[in-house]
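Report on the following structure.
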Amino acid sequence: EAQVTQNPRYLITVTGKKLTVTCSQNMNHEYMSWYRQDPGLGLRQIYYSMNVEVTDKGDVPEGYKVSRKEKRNFPLILESPSPNQTSLYFCASIPRGPRTEAFFGQGTRLTVV
Amino acid sequence: SQQGEEDPQALSIQEGENATMNCSYKTSINNLQWYRQNSGRGLVHLILIRSNEREKHSGRLRVTLDTSKKSSSLLITASRAADTASYFCAKGNQGGKLIFGQGTELSVKP
Numbered sequence: 220e221a222q223v224t225q226n227p228r229y230l231i232t233v234t235g236k237k238l239t240v241t242c243s244q245n246m247n248h249e250y251m252s253w254y255r256q257d258p259g260l261g262l263r264q265i266y267y268s269m270n271v272e273v274t275d276k277g278d279v280p281e282g283y284k285v286s287r288k289e290k291r292n293f294p295l296i297l298e299s300p301s302p303n304q305t306s307l308y309f310c311a312s313i314p315r316g317p318r319t320e321a322f323f324g325q326g327t328r329l330t331v332v
Numbered sequence: 012s013q014q015g016e017e018d019p020q021a022l023s024i025q026e027g028e029n030a031t032m033n034c035s036y037k038t039s040i041n042n043l044q045w046y047r048q049n050s051g052r053g054l055v056h057l058i059l060i061r062s063n064e065r066e067k068h069s070g071r072l073r074v075t076l077d078t079s080k081k082s083s084s085l086l087i088t089a090s091r092a093a094d095t096a097s098y099f100c101a102k103g104n105q106g107g108k109l110i111f112g113q114g115t116e117l118s119v120k121p
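These protein sequence lines are chains H and U, in that order. To convert a position in the first sequence, counted from 1, into our numbering, add 219. To convert a position in the second sequence, counted from 1, into our numbering, add 11.
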């Protein structure tokens with residue numbers, strides 16, 4: 220089954236404790252993105268990747284890191300989480316070509332206390 | 012930010028009525044996409060319209076695109092309670108970059 224898998228689904232952590240949210244897709248898509256969703260602000264892009272070892276900042280990259288060492292994985296790293304990073308996070312993958320629809324993971328609800 | 016505007020922010024209608032949501036954008040696009048999100052879940056792709064297309068249909072969905080006005084509309088006909096969700100437009104550009112609007116929260120009352 221074609222899917223984007225994020226883990227964990229829920230996470231409560233403390234300020235400053237490094238964490239990683241994993242994202243994996245099994246569709247061999249070139250493009251992958253991370254978004255955060257906050258009430259009244261819609262989805263804002265954090266980082267995106269056009270291919271292995273190619274990443275670029277989105278609209279709200281501060282406080283986040285990503286890596287794309289393999290095509291299927293695109294982890295989101297918070298080196299020193301802060302309470303303003305409490306949010307709902309989504310990973311998405313998109314194929315190259317005319318059908319550029321995004322496939323989304325189920326989301327990770329992160330709370331930083 | 013390249014985010015455009017969606018309106019209305021919230022829409023409440025009765026079952027059987029039509030629902031219209033609008034999306035405006037600021038920069039040029041390759042395509043315009045619409046997604047649906049059930050509460051707190053991942054977004055699901057509904058329909059894509061390319062910049063050289065003016066109208067597209069998929070079941071009860073109709074999407075229009077006016078590139079001169081930089082705007083798009085999503086019409087859901089004969090709405091059902093199960094259509095209750097948030098709807099987002101997304102501007103598609105080169106390199107798979109998608110920029111989302113703030114969304115419209117649709118409530119369909121039985």
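Heads up, the beta-carbon is just placed ideally off N, CA and C, and yes, glycines get one too.
- At a cut-off of 8 Å between beta-carbon atoms, U:Q44 makes contact with chain H.
- At a cut-off of 8 Å between beta carbons, U:R52 contacts chain H.
- Neighbours of U:G103 across chain H, judged by C-beta separation under 8 Å: T319.
- Residue nearest to H:Q244 within the set H:S286, H:Q222, H:V271 is H:Q222 (criterion: CA-CA distance).
- Judged by their CB atoms, U:S90 and U:E28 are nearer to each other than the 8 Å cut-off.
- Contact check for H:G326 and H:L307: beta-carbon distance about 5 Å, within the 8 Å limit, so the pair qualifies.
- An exposed status is given to H:G235, since fewer than 16 other beta-carbon atoms sit within 10 Å of its beta-carbon.
- In the three-state reduction of the DSSP assignment, H:Q304 falls in the helix class, which pools H, G and I.
- Contact check for H:E272 against H:R287 passes: the beta carbons are separated by less than 8 Å.
- The C-beta of H:G282 comes no closer than 8 Å to any C-beta of chain U.
- Under the Cβ distance rule, H:F293 does not count among the residues neighbouring chain U, no pair being separated by less than 8 Å.
- When the beta-carbon positions are compared, U:L72 and U:L59 stay at least 8 Å from each other.
- With a threshold of 16 other beta carbon atoms within 10 Å, H:Y229 falls short and is exposed.
- Neighbourhood of U:H56 in chain H, by CB distance below 8 Å: E320, A321, F322, in chain order.
- Closer than 8 Å to the CB of H:I313 there is at least one CB belonging to chain U.
- At the C-beta level, U:V74 and U:K80 stay beyond 8 Å of one another.
- Interface residue (Cβ-Cβ distance to chain U less than 8 Å): H:Q325 is classified as such.
- One finds G106, G107, K108 in chain U with Cβ atoms closer than 9 Å to the Cβ of H:M269, taken in chain order.
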